[in-house]
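Worksheet for the structure shown next.
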Amino acid sequence: MALLRTAGIALAATGAAHFAAPKVFEPISRLAFPHDTDAWIKRNGATELALGVALTVDRTRKAGLVGTALYTAWLAARTASNRRPA
12 MALLRTAGIA
22 LAATGAAHFA
32 APKVFEPISR
42 LAFPHDTDAW
52 IKRNGATELA
62 LGVALTVDRT
72 RKAGLVGTAL
82 YTAWLAARTA
92 SNRRPA
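Start counting at 1 in the sequence shown, then tack on 11, and there's your number in my numbering.
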């Protein structure tokens with residue numbers, strides 16, 4: 012449980028960093044969200060912050076794990092669907 016709590020803190024901090032330093036996330040975010048990237052950076056930051064907090068609390072950890080898995084799959088799918096053909 013300590014590992015999940017630590018991962019949650021790290022994910023929440025990363026989410027908060029989307030608001031503190033959004034330009035850092037622009038290059039990677041543009042891969043999945045080529046249109047309206049700035050708004051997506053904020054949305055993703057809020058999502059990661061919420062999921063991270065969910066992982067840190069015993070009562071919400073299971074939902075946080077499911078949410079994080081779904082979010083990760085969705086990000087991968089978005090990135091894959093927006094790749095330019097070689």
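Idealized CB from N, CA, C, for every residue including glycine.
Treat the numbers as computed from the prediction; the structure is a model and nothing was measured.
- Note that the C-beta distance between Leu-81 and Ala-23 is not below 8 Å.
- For Thr-71, there is no enclosing alpha helix (DSSP H), as DSSP gives it neither H nor E.
- Counting the other Cβ atoms within 10 Å of the Cβ of Ile-39 gives fewer than 16, which makes it exposed.
- Rounded to the nearest angstrom, the gap between the Cα atoms of Arg-89 and Gly-63 is 21 Å.
- For Thr-48, same chain residues with a beta-carbon under 8 Å away, outside a window of 5 residues either side, are Glu-37, Ser-40 and Arg-41 in chain order.
- Ala-28 and Ala-18 have their C-alpha atoms some 15 Å from each other.
- Take the alpha-carbon of Gly-78 and the one of Ala-21: they are about 16 Å apart.
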